[in-house]
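Residue numbers (my numbering): 9 to 510.
Ideal Cβ positions, reconstructed from N, Cα and C, are used throughout, including at glycine.
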Amino acid sequence: MTIEFSVKSGSPEKQRTGCVVLPIAAGRKLPRTTQAFDSANEGIIKQFLKKGDIEGECGDSAWLYPSHDTSLCDRVLLVGVGHERDVKLSDFKSINETAANAIEKSGATEAVSFLATLDARQLTLAQMVKNAVLGVTNATYQFKAYKTDVQESKRPLRKFTIAVARRKDLATAETALEQGLAISAGVAQAKDLANSPPNICNPGYLAEQAKDLETRYRKLKTDILDETELEAMGMGAFVAVSKGSAQPGKLIAMKYTGAARTAQPLVFVGKGVTFDTGGISIKPSNAMDEMKFDMGGAASVFGVIVACAELQLPVNVIGIVAAAENMPDGNASRPGDIVKTLSGQTVEILNTDAEGRLVLCDALSYVDKYKPAYVIDIATLTGACIVALGHLASGMLCNDEKLGEALKTAAKQSDDRIWELPLWDEYGETLKSNFADMANIGDRAAGTITAAIFLSRFAKDYCWAHLDIAGTAWKSGKEKGATGRPVPLLMEWILQQIDEQS
Ligand code: BES
Ligand code: MN
Ligand code: ZN
Numbered sequence: 009m010t011i012e013f014s015v016k017s018g019s020p021e022k023q024r025t026g027c028v029v030l031p032i033a034a035g036r037k038l039p040r041t042t043q044a045f046d047s048a049n050e051g052i053i054k055q056f057l058k059k060g061d062i063e064g065e066c067g068d069s070a071w072l073y074p075s076h077d078t079s080l081c082d083r084v085l086l087v088g089v090g091h092e093r094d095v096k097l098s099d100f101k102s103i104n105e106t107a108a109n110a111i112e113k114s115g116a117t118e119a120v121s122f123l124a125t126l127d128a129r130q131l132t133l134a135q136m137v138k139n140a141v142l143g144v145t146n147a148t149y150q151f152k153a154y155k156t157d158v159q160e161s162k163r164p165l166r167k168f169t170i171a172v173a174r175r176k177d178l179a180t181a182e183t184a185l186e187q188g189l190a191i192s193a194g195v196a197q198a199k200d201l202a203n204s205p206p207n208i209c210n211p212g213y214l215a216e217q218a219k220d221l222e223t224r225y226r227k228l229k230t231d232i233l234d235e236t237e238l239e240a241m242g243m244g245a246f247v248a249v250s251k252g253s254a255q256p257g258k259l260i261a262m263k264y265t266g267a268a269r270t271a272q273p274l275v276f277v278g279k280g281v282t283f284d285t286g287g288i289s290i291k292p293s294n295a296m297d298e299m300k301f302d303m304g305g306a307a308s309v310f311g312v313i314v315a316c317a318e319l320q321l322p323v324n325v326i327g328i329v330a331a332a333e334n335m336p337d338g339n340a341s342r343p344g345d346i347v348k349t350l351s352g353q354t355v356e357i358l359n360t361d362a363e364g365r366l367v368l369c370d371a372l373s374y375v376d377k378y379k380p381a382y383v384i385d386i387a388t389l390t391g392a393c394i395v396a397l398g399h400l401a402s403g404m405l406c407n408d409e410k411l412g413e414a415l416k417t418a419a420k421q422s423d424d425r426i427w428e429l430p431l432w433d434e435y436g437e438t439l440k441s442n443f444a445d446m447a448n449i450g451d452r453a454a455g456t457i458t459a460a461i462f463l464s465r466f467a468k469d470y471c472w473a474h475l476d477i478a479g480t481a482w483k484s485g486k487e488k489g490a491t492g493r494p495v496p497l498l499m500e501w502i503l504q505q506i507d508e509q510s
């Protein structure tokens, strides 16, 4: 069920709707719009707050049913926001999720939300509108493609209107709404692909999906290189991974041309390991199903392409997906095998479970030909990244300070967080091999960094950043599922690149 979003200006007491969403601040304080509704309705909110159902902490919510004698709306959802002035972007997203969840369970199918009228020092109107859309779509996302007994909600949320305080805010809000919708579409695309089962979502399937996008967007062109071509080109590292699978590997290039053909493109390279068994260095079976998410980087590249194409952005973006399945097999690589990469450098494969860097290194050499302005690779690359940063921040390593700073800014602005780790040469010592130019693994220590150093040796000729999303691409446990990260971060970065150019 898709929700129809819109923005409008107006006061809360004048809304003829199934549901008005109003903020309550910490200590049962009433933000300005909530106060306006209260005054027009004989103090009904203040009286209700005295009963103690809601304190105004972030995450609280309560329903109120005003009388139709004074009110045009059927119900009011009060949502706690904490201290109004100090509401952070992460709080704002979660209060919108809270609101969406409550409305989904209620009888209301439409709502007019006044949460974006908050007076919060750290939030701009554009950020609030954009993240209202992201919060609501995130909360209502479902992946039901493989369930046969889907019970459709009888009263689903169909229409969500975001109210802004002033008429003159409408233009800003409209632009932010469009961006929010496009980024949500990108996030949903990434989630859908990553959640898909690995027997369906294999390299060939990803290639088909890319071809499908080409038919949907006029400015998008897709090229697929198959395994035999990759081998002929000299991508020995990539093929060393994909040849162990019955599913042939693919290198997918999605080219979105929104600017002059001569404008240097932004290039994204996604790790698309559609299932990672570890290969001959096989993984323990515990939670191995989650290795279907090992194409989360690739999924985010699809998401970015979709969002850029939806917005028709005036920029050239190339999304590369290195798609392969890592299986143990008679044709699989062995520990000790030496392969020649597209760059000419040789690699001794000491552990076949360090396959991500093998598929990525050849893809990184390949993108040289696009003369990229920037290259960002996105990969569920190392378990060590989860040890270092947990599930809150993605790891970021880069060979260009300006790019690193821009990504950090975009991460803050989108609340899709990253943390930089150093790319110091000394960490590369342990990648030495007695038999080849380098090994594909280093010491156990600083595993995220040694993996990135390995990649950096194939990204020497352009400004490059690496995002390790091992801890952020999906959630485990009861809420198991893809997050769509880091699509919001990457879109924020792209939008900022465009702003800087103009
Ligand atoms: N896809 C895994 C990394 C991973 C593990 C991501 C768990 C998320 C959760 C990657 O291919 C891998 O197996 N990496 C190894 C590298 C090691 C062999 C140097 C790892 O992290 O253990
Ligand atoms: Mn692996
Ligand atoms: Zn992997």
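In the structure shown, ARG83 falls within a strand segment according to DSSP collapsed to helix, strand and coil. Sequence-distant Cβ neighbours of MET499 in its own chain, meaning closer than 6 Å and more than five residues away, are ILE191, ALA315. In this structure, the alpha-carbon of MET296 lies about 56 Å from that of GLY51. Contact between ILE32 and ILE11 is absent: CB atoms are separated by about 24 Å, not below the 8 Å threshold. For ligand 1, the residues with a Cβ under 5 Å from any of its heavy atoms are, in chain order, ASP284, ASP302, ASN359, ASP361, ALA362, GLY364, THR388, THR390, GLY391, ILE449, ALA478.
DSSP places ASP423 outside both helix and strand once states are collapsed to three, so it counts as coil.
In this structure, the beta-carbon distance from ASN294 to ARG365 does not fall below 8 Å.
In the three-state DSSP reduction, THR145 falls in the helix class (H, G or I). For TYR378, the three-state secondary structure derived from DSSP is helix. Here the alpha carbon of THR438 sits roughly 12 Å from the alpha carbon of ASP445. Taking the Cα positions, ALA240 is about 19 Å away from PRO211. Distance between SER250 and CYS27, taken at the CA atoms: about 53 Å.
According to the DSSP secondary-structure assignment, LEU72 is paired through a beta bridge with VAL84.
Around the beta carbon of GLU434, a 10 Å sphere encloses fewer than 16 other beta carbons of the protein chains shown; the residue is thus reported as exposed.
By alpha-carbon distance to LEU429, the top candidate from LEU397, PRO164, ILE288 is LEU397. Between ligand 2 and the CB of ASN334, the shortest heavy atom gap is smaller than 7 Å. Across the structure, MET404 and VAL312 are spaced so that their CA atoms are roughly 18 Å apart.
If you draw a 10 Å sphere on the C-beta of TYR154, you find fewer than 16 other C-beta atoms in it, and that means exposed. Not one heavy atom of ligand 3 sits closer than 7 Å to the Cβ of VAL87.
When secondary structure is reduced to three states using DSSP, TYR264 falls in the strand class. THR349 has its alpha-carbon roughly 15 Å from the corresponding atom of LEU358. CA-CA distance, ALA202 to SER79, rounds to 45 Å. DSSP places THR388 in no beta strand (DSSP E); its state is neither H nor E. For GLY286, the shortest separation between its Cβ and any heavy atom of ligand 2 lies below 7 Å.
In this chain, ASN109 is not harboured by any beta strand (DSSP E); it is covered by the alpha helix (DSSP H) spanning 97-113. For VAL281, the shortest C-beta to heavy atom distance toward ligand 3 is below 7 Å. Between GLU216 and PHE283 a beta carbon distance of about 17 Å is seen, past the 8 Å cut, so the two are scored as non-contacting. A distance below 8 Å between beta-carbons, with the five flanking residues on each side excluded, links SER341 to the following residues of its chain, in chain order: ALA248, VAL249, LYS251, GLY252, GLY287, ILE288, VAL347, ILE357, THR360. Residue pairing by DSSP places GLY489 opposite LYS483 in a beta bridge. Taken atom to atom, the span from the alpha-carbon of THR354 to that of GLY278 is near 22 Å.
For the 8 Å CB-CB criterion, LEU372 and LEU259 do not form a contact.
Residue ranges of uninterrupted alpha helix (DSSP H) with 4 or more members are absent from the region 325-363; none lies entirely inside it. Between PHE151 and ASP200, the gap from beta carbon to beta carbon is short of 8 Å. Note that the C-beta distance between SER402 and PRO336 is not below 8 Å. Straight across, the Cα-Cα distance linking GLU222 with PHE122 is about 38 Å.
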